[in-house]
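Residue numbers (my numbering): 1 to 183. Scroll down for the structure; my scribbles are underneath it.
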Amino acid sequence: MPALTAWQAIVDTGRARSGMRFLIHGASGGVGSFAAQFARWKGAEVAATASEASVDWLKSIGVDPVIDYKRERFEEKLRDIDVVLDPLGGDTQARSWRVLKRGGTLINLIGEIDEDAAKQAGVRAVDFGMEYDVEDLEEIAGLVDQGLIEPHISKVLPLDQARQALDLNQQGKSHGKVVLEIG
């Protein structure tokens, strides 16, 4: 479902196209990694926040700049962003208003939107929720089959190591998806 969430947020709600500038928070995560790729596929410029361990992979798919959220403040480096994808909320959302250009859009995936801050910044804030859509899934599958979009897989483990896979995800030690192989 991360790919479907990203598709609907970036392609449908964000209306990604050439000439637009996106900021994807958590760009190495499940939704973020697909979101960055969908925006690039549509021709948009993509900036991202992620951990240092994900910088090389994100740059390899055309994301630039990649801002290490542990060391740098994105709001000091970015301006005039058309769309921010925010899967984090809280302080990240509060700081994101400053980078959006007037008339831009913040797509919120978690928590509540600060409507007053959105109004003050002169931007549109969307409280996003994914809807199951077979046609969207078929489009995504086609892009993956063509090699235009690549699921970010960090590790493949046999099914009998499911506990280890869960531990990796919960500890934040996997940069990408951990896949369990059956058979």
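Idealized CB from N, CA, C, for every residue including glycine.
Where do the N-terminal and C-terminal ends of the alpha helix (DSSP H) with residue 34 fall, by residue? Your numbering for residue 34 matches position 34 in the sequence shown. Counting along the chain, the alpha helix (DSSP H) containing residue 34 begins and ends at 30-41.
Spell out the partners DSSP gives residue 115 in its beta bridges. Position 115 of the sequence shown, counted from the first residue, corresponds to residue 115. According to DSSP, which records beta bridges pairwise, residue 115 is partnered with nothing at all.
If contacts are defined as beta-carbon pairs under 8 Å, then residue 59 and residue 80 qualify, I think. What distance do you get, rounded to the angstrom? Here residue 59 refers to the residue found at position 59 of the sequence shown. Here residue 80 refers to the residue found at position 80 of the sequence shown. Not really, about 21 Å apart at Cβ, beyond 8 Å.
Just mark residue 28 as buried or exposed, buried being the case when its beta carbon has 16 or more other beta carbons within 10 Å. Position 28 of the sequence shown, counted from the start, is the residue given in the question as residue 28. Buried.
Run the CB neighbour count on residue 96, radius 10 Å, all protein chains shown included, and call it buried at 16 or more, exposed below. The sequence position of residue 96 within the sequence shown is 96, counting from 1. It is buried - the Cβ of residue 96 has at least 16 other Cβ atoms within 10 Å.
Looking at C-alpha atoms only, which residue of 25, 26 and 41 is the closest neighbour of residue 139? Numbered from 1 along the sequence shown, position 139 holds the residue referred to as residue 139. With distances taken between Cα atoms, residue 139 lies closest to 41.
Segment contact, 8 Å Cβ cut-off, at least three pairs: the region 108-122 with the region 49-64: no
Using DSSP with H/G/I as helix, E/B as strand and the rest coil, what is residue 68? The residue given as residue 68 occupies position 68 in the sequence shown. Of the three classes helix, strand and coil, the one that applies to residue 68 here is strand, per DSSP.
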